[in-house]
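The structure under discussion appears below in the form of structure tokens.
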Amino acid sequence: MDLRYTDAEEQFRLELRTWLASVLPDVGPPPARDDWQARRDYDAAWQRMLFDAGYAGINWPAEYGGRGATPTEHLVFLEETERARAPYVGMNFVGLLHAGPTLVVEATDAQKTAHLPGILRGDQIWCQGFSEPNAGSDLASLRTKAVRDGDDYVLSGQKIWTSFAHVADYCEILVRTDPDAPKHKGITWLILPMDTPGIDIRPLRTMEGSTEFAEMFLDEVRVPVANRVGDENDGWRVAMVTLSFERGTAFVSEMLQTLELCRDLAELARHITRGSATAWDDQGLRRELGHLAAELDALWALTKRNISEATRTGLVGVGGNVFKLAYSDLRHRLGELALRLLERASLSLDDLGELPTGRHVQGRIHGISISIAAGTSQVQKNIVAERVLGLPKDR
Amino acid sequence: MDFWLTDEQQALADMVAAFAADRFPPEHTAVTEDTDEVVNPTAWSALGELGVFSLTADGMGVREAAVVFEQLGRGLVPGPLVATWLAAGLIDGAADGTVAVTLCEPQPDATLVEHAAMAPVCLVFTDEALWSVPTASLRPVRVERPLDAGAPVWQVTDDVNPAGLGGTQLASGEEALTLWRTGVVLTAAMAAGVAAGAGELATAYAKEREQFGRPIGGFQAVKHLCADMLVHTEVARSAVYAAACALDGASDDDPGVAVSAAKVVAGEAALANGRAGIQVHGGMGFTWEVHAQRYWKRAVTLDATFGTADTHALRVADAL
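Those protein sequences? They're chains W and R, same order as listed. Start counting the first sequence at 1; every next residue gets the next number (the working numbering). Start counting the second sequence at 396; every next residue gets the next number (the working numbering).
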């Protein structure tokens, strides 16, 4: 049990830090939030820089062009890019962390050749078509149908939460190929080119005010059978493959940002006037913030435990679910504390002069999404209780 | 970085868990509690023979001690365990379990000392140093009804001035600070163990107790309580291990912040799980017979030892 990095890990860090220092001055500020084409170009350009320097697909196997880094090196990569304020994975998220890893394991050679290098270079942007209006937590009940017609599947239905759909090149999509089979047994995983006729994309405005999400309507969309990954009706298993790629690093960037947010909140409290003193002189507030900061330190330690477990066993155990449950709860409480601290200044999403209100109010709203995205906390608790603790499945 | 128990550390945990279950089963605790000496000298020397107090002399660090104390907490093993561990090497007989050593943390309005009858020596931390005093010199008076029957308490009404009580200064400066921090993290480790034990007891009960024709653990309202308990436990363990690494120099973290964070998180976890554990047991949870209440009471005892979660939260905040 040792939290220190090895010499090799520190060497990796040093090389990365040197590289980041040399290239980041040439990377401009990120484009406006809803300028989708500019954001695509920005994220793709950053991915290309990573690729040229040998940092693309940091956790991908080397034989598919990745770096084949250890989970701890991946952690170091995320620590250093965050520290240097390098661009985020952004629109490359689905390709690099979801669709790509699935293709590595399940795709044909032709499919790998067609997509993996493009994802690594930032040439191919992917989106995800899994959830549907009536298939959220119960994803396997999805109904978008795919009917075989010669060498094509013909897709009709509706997907939701499809981030970046308007600028993506491909979509990893789950469709119903056998409506009569038990729900998990009639699903197929397809590669859907987003320029196929019959796709209608409508932006979905979130409570943050952004249009990152979209709804995707499919009307008789023809997808070649050659675009199927895995067997027909075996798509549920294929979709689950991605989960086996998680090495405990999924929330590292989030965690680092939240640690900084917490420190900034303390700084803010030292500047906010309360009566004849500052908010920081309120012991109740300091105590509350101290509780949250302690939990945050614990979750950072848990992150390292999860990564260490993955290094040893190849998988993250219950720690992954535990992390998400504790982290989303903590973000709610930290966010609410920020709003209470700001009082009426919390009514602005923009910074107010010297007061960095925007960051904290925006952070509060983002925190709301964490206990919902990628499995609500309620579903996560069922999973922990049933699969880990062995409690009965009855509802 | 390898932030995971080594095989040796896991074996140590398993050994202590088995010892606690064998030597201090809940039945044993239920019989001896409410007496002056909840642990008799034979049982105490068994802990000494196991090596609980002599880990440092045996070449092990705070990490191993944390692993051991987590299991002692999980097994609700009674006695002045942390103080005796700290005294090992400083007070004759502490390391091998022939002398039990307790702790006095003076509090302006009421000073309570646990296990005064079985511990002839008492540690006192002042701002600058660590002292030992003869427990008798404190003139402790037994409190008739302690909250935690496994941790009987005596009240000290005199001013606690170690030098004036024939005390001996055992350590000062950095050394005393490190010992205090180690006391904090081992107490936190026990709290993490209490959190684990309370969760395991409640989860086992939720599987077997039937109402409305099925196990209550099948109801989401109950299973979510059990899931929450596991979450609290795992987060607490992470904080405790990180703090132990910091004290062993196996981390770049500030040890002061790390031990306070561990005390906050593990203390809160033990209290929350103690409370939820009783809740899952329903009416039976409120009885003396069912052990659920013992975890909550031990959680309160541990939270009030080496600084409450609230006081350590302020330390963490001040480091922000």
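C-beta atoms are modelled at their ideal positions from N, C-alpha and C, and glycine is treated no differently. Because the structure is a prediction, the values reported are computed rather than measured.
Any chain R beta carbon closer than 7 Å to residue i
i                 : result
His74 of chain W  : no
Pro179 of chain W : no
Pro133 of chain W : no
Ala385 of chain W : yes
Thr80 of chain W  : For clarity, residue 80 of chain W is Glu in the given sequence; the question names Thr instead. Not one chain R Cβ lies under 7 Å of Glu80 of chain W.
Ser308 of chain W : yes
Leu192 of chain W : no
Residue from the options with nearest C-alpha to residue i
i                 : options                                   : result
Asp43 of chain W  : W:Ile383, W:Thr6 and W:Ala86              : W:Ala86
Pro421 of chain R : R:Gly592, R:Ala714, R:Ala639 and R:Asp647 : R:Gly592
Thr530 of chain R : R:Leu400, R:Gly562 and R:Asp522           : R:Gly562
Cys517 of chain R : R:Pro535, R:Leu666, R:Thr628 and R:Arg710 : R:Pro535
Asn233 of chain W : W:Tyr153, W:Glu79 and W:Leu268            : W:Tyr153
Arg710 of chain R : W:Leu342, W:Arg287 and W:Gly319           : W:Arg287
Thr188 of chain W : W:Arg228, W:Phe217 and W:Lys159           : W:Arg228
Ala374 of chain W : W:His98, W:Gly150, W:Val221 and W:Thr196  : W:His98
Thr401 of chain R : W:Val27, W:Leu192, W:Leu352 and W:Glu309  : W:Glu309
Ala511 of chain R : R:Val463, R:Cys621, R:Ala656 and R:Val548 : R:Val548
Gly594 of chain R : R:Val617, R:Gly644 and R:Cys621           : R:Cys621
Leu596 of chain R : R:Ala616, R:Val434 and R:His686           : R:His686
Ser633 of chain R : R:Val462, R:Gln606 and R:Pro503           : R:Val462
Arg469 of chain R : R:Ala699, R:Glu684, R:Asn668 and R:Ala708 : R:Asn668
Leu192 of chain W : W:Lys185, W:Gly186, W:Lys159 and W:Thr206 : W:Lys159
Same chain, Cβ closer than 6 Å to residue i, five either side skipped, listed in chain order
i                 : result
Ala631 of chain R : Ala587, Ala590, Val660, Ala661 and Ala664
Phe614 of chain R : none
Gln47 of chain W  : Asn92 and Gly122
Val579 of chain R : Val654, Lys658 and Phe701
Thr18 of chain W  : none
Leu498 of chain R : Ala478 and Leu518
Thr162 of chain W : Cys127, Gly129, Ala214 and Met216
Gly680 of chain R : Ile673 and Ala687
Pro101 of chain W : Thr242 and Phe245
is_contact[residue i, chain W] using C-beta, thresh 7 Å
i                 : result
Ala708 of chain R : yes
Leu625 of chain R : yes
Arg576 of chain R : no
Lys692 of chain R : no
Ser633 of chain R : yes
Val579 of chain R : no
Ser469 of chain R : Inspection of the sequence shows that residue 469 of chain R is occupied by Arg rather than by Ser. No, Arg469 of chain R does not count as interfacial toward chain W.
Leu476 of chain R : no
Glu629 of chain R : yes
Val659 of chain R : yes
Asp649 of chain R : no
For residue i, the residue or residues it bridges with in DSSP
i                 : result
Tyr170 of chain W : W:Trp126 and W:Pro193
Gly157 of chain W : W:Leu218
Ser567 of chain R : R:Ala524
Lys374 of chain R : Residue 374 of chain R is absent from the model: chain R starts at 396 and stops at 715.
Cys621 of chain R : According to DSSP, Cys621 of chain R bridges with nothing at all.
Ala397 of chain W : Here chain W has residues from 1 to 395 only, and residue 397 of chain W is not among them.
Val555 of chain R : Note: Val555 of chain R sits in no beta bridge, so no partner.
Glu605 of chain R : R:Pro610
Leu243 of chain W : DSSP, once it has assigned bridges, lists no residue as partnering Leu243 of chain W.
Cys499 of chain R : R:Val508 and R:Val519
Trp549 of chain R : R:Val508 and R:Arg537
Phe372 of chain W : Checking the sequence, you will find Ile at residue 372 of chain W rather than Phe. According to DSSP, Ile372 of chain W bridges with nothing at all.
Lys304 of chain W : Paired residue(s): none; Lys304 of chain W is not in a bridge.
Nonlocal neighbours in the same chain, by C-beta distance under 8 Å from residue i, ignoring five residues either side
i                 : result
Ala505 of chain R : Gln550
Leu299 of chain W : Met255, Phe323, Ala326, Tyr327 and Leu330
Gly417 of chain W : Residue 417 of chain W falls outside the range modelled here, since chain W spans only 1 to 395, and no answer is possible.
Arg270 of chain W : Thr278, Ala279 and Trp280
Val617 of chain R : Ala601, Ile611 and Val675
Proximal chain B residues relative to residue i, where beta-carbon distance stays under 7 Å
i                 : result
Tyr153 of chain W : The chain inventory of the structure shown lacks chain B, comprising the protein chains W and R.
Cutoff 7 Å; reference residue i; Cβ partners in own chain excluding five residues on either side
i                 : result
Ser449 of chain R : Ala483, Ala490 and Asp491
Leu259 of chain W : Leu296 and Trp300
Phe414 of chain R : Leu445
Gln283 of chain W : none
If contact means a Cβ-Cβ distance below 9 Å, which residues of the segment 288-299 of chain W contact chain R? So the close ones are Glu288, Leu289, Gly290, His291, Leu292, Ala293, Ala294, Glu295, Leu296, Asp297, Ala298 and Leu299.
Selection of the segment 47-71 of chain W by Cβ proximity to chain R, strictly under 9 Å: For the segment 47-71 of chain W, the beta-carbon criterion of a distance under 9 Å to any beta-carbon of chain R is satisfied by none of its residues.
Within 9 Å of chain R by C-beta, residues of the segment 321-342 of chain W in sequence order: Of all residues in the segment 321-342 of chain W, Asn321, Val322, Phe323, Leu325, Ala326 and Asp329 have a Cβ within less than 9 Å of some Cβ in chain R.
Under 8 Å (Cβ pairs) to chain W, residues found in the segment 397-428 of chain R: Listed by position, the residues of the segment 397-428 of chain R near chain W (Cβ gap below 8 Å) are Asp397, Phe398, Trp399, Leu400, Thr401 and Gln404.
Chain-ordered residues of the segment 595-615 of chain R with a beta carbon less than 8 Å from chain W: Using a CB distance below 8 Å, the part of the segment 595-615 of chain R facing chain W consists of Thr598, Ala601, Lys602, Arg609, Pro610, Gly612, Gly613, Phe614 and Gln615, ordered along the chain.
If you measure beta-carbon to beta-carbon, which residues of the segment 671-698 of chain R are closer than 9 Å to chain W? None of the residues of the segment 671-698 of chain R has a beta carbon lying less than 9 Å from any beta carbon of chain W.
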